[in-house]
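Structure first, then comments.
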Amino acid sequence: MARRILIIGATGNFGRRIARRLALHNDATLILASRDSERAKEFAQRLRAGFPAAALESTAIDQACEDLASHIDRSGANVVIHTAGPYQGQDYRVARACIECGCHYVDLADSRDFVVNFSQLDGEAKRRDLLLVTGASTLPGLSGAVIERYKPEFATLEAIDISIAPGHRTPRGPGTVAAVLSYCGKAFDVLRDGSWQRVCGWQDWRILHYPHMRRRIGGACDVPDLALLPVLHPDLLSVRFHAALEAPWEQAALWSMAAFTRLGIVSHWSRMQGPVLRLGNLLQRFGSDVGAMHVRLRGRDARGAAMERCWFLTARDNRGPEIPAIPAVIVARKLAAGDLSDRGARSCYGLITLDEFKHEVGSPGFQYDLVRK
């Protein structure tokens with residue numbers, strides 16, 4: 025069977041990065057889809073100039089259209105990568121259309137509800153002999169790869185702590201800004217010290233330290249790992265996630281906006297998406313192009329002694345935005361090649377390894393550190 029990968033949202037921030045990487049590998053025909061056929065065509069032309077050997081097509085697909093399944097079916101794709109966020113508030117219409125068409129599905133969802141409830145499609149996917157993968161991104165794709173790499177060193181895993189600290193010059197698309205604002209001041213549950221507690225988005229501040237950049241203030245964010253990890257690792261007592269922006273005024277602004285929501289003054293900030301995006305892009309030059317991520321595991325060894333592993337990834341030269349695209353690229357290539365035997369609807373957790381991530385992302389601009397205690 026011919027390998028054909030359809031990228032929905034190919035002209036967006038993550039769609040472009042995924043398309044470039046897949047074009048570089050040149051082991052499948054890429055169908056670049058956008059709501060605007062001219063934008064898709066122009067992007068295909070630019071991509072073809074950089075990768076003359078790549079097999080590229082373009083088409084117009086709007087994920088909100090009523091005949092989505094017929095559009096996907098006409099593309100002839102065996103794998104669909106859904107990059108058109110934000111996923112907060114989305115339903116599973118793209119995944120269901122893939123089931124109807126008999127093609128595999130991959131998305132980059134970062135919405136807790138979207139990822140956690142995705143298993144409702146499991147039965148349908150298995151009946152059609154398909155694999156539907158959600159969260160093929162930094163969380164839980166890369167975070168899961170790190171956890172699976174170092175978990176065997178523990179007799180008991182008690183706590184997982186994750187943070188992402190993007191560089192200030194990181195490009196900000198509408199989907200990313202919408203996701204950031206979606207949980208601003210919204211209460212959600214986290215596992216702490218063995219019990220479920222309520223925290224508010226962009227509050228619950230803590231100081232975060234990284235090996236190759238200044239410390240930052242992190243705010244709590246509602247992400248899939250907060251719900252997935254306690255189920256996958258029942259011995260866990262605590263799971264935390266914080267996002268740390270480089271500019272202190274941005275972190276303070278989000279904390280203040282969250283406070284207005286908690287006080288009932290503003291119910292949601294979605295109408296501010298445009299102004300926030302424009303202001304963020306205007307102020308981009310007042311920061312660095314260095315970002316980082318950490319995954320800290322705490323637990324016990326076979327003798328009952330406390331131990332810790334803390335993995336750091338530092339991204340320079342504004343290469344941080346490539347990270348969320350890598351798990352989707354790896355999974356899509358495996359699916360197109362027939363190298364994944366899993367079937368059903370599931371998260372990306374455990375579907376990629378840390379070595380696969382490192383190989384795909386390459387070394388220039390990236391540095392890894394591991395602290396053992």
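Numbering (my numbering), first residue to last: 25 to 397. For each residue, glycine too, the CB sits at the ideal point set by N, CA and C.
| Item | Value |
| --- | --- |
| Given 8 Å, three or more beta-carbon pairs between the segment 313–328 and the segment 172–187 | yes |
| The segment 284–292 / the segment 245–259 touching (three or more Cβ pairs under 8 Å) | no |
| Bridge-paired residues (DSSP) for C334 | R320, V395 |
| Between the CA atoms of G323 and A88 - distance to the nearest angstrom | 45 Å |
| Sheet register partners of I188 (DSSP bridge) | A267, M317 |
| S206 classed as buried or exposed, judged by whether at least 16 other C-beta atoms fall within 10 angstroms | buried |
| Contained alpha helix (DSSP H) runs [length at least 4] in the segment 131–162, N- to C-terminal order | 136–140, 146–151 |
| Cβ neighbour criterion (16 or more within 10 Å) applied to L269 | buried |
| P351 and S161 closer than 8 Å at C-beta | yes |
| Cβ-based neighbour list, R70, same chain, cut-off 6 Å, excluding 5 preceding and 5 following | none |
| Reduced DSSP secondary structure (H/G/I, E/B, other) of L364 | coil |
| Runs of alpha helix (DSSP H) wholly within the segment 57–85 (minimum 4 residues, chain order) | 61–74 |
| As assigned by DSSP and simplified to three states, the class of S206 | helix |
| Three or more C-beta pairs below 8 Å linking the segment 332–340 and the segment 113–133 | no |
| Beta-carbon proximity of I42 to T83, cut-off 8 Å | no |
| C224 - containing beta strand (DSSP E), residue span | 219–224 |
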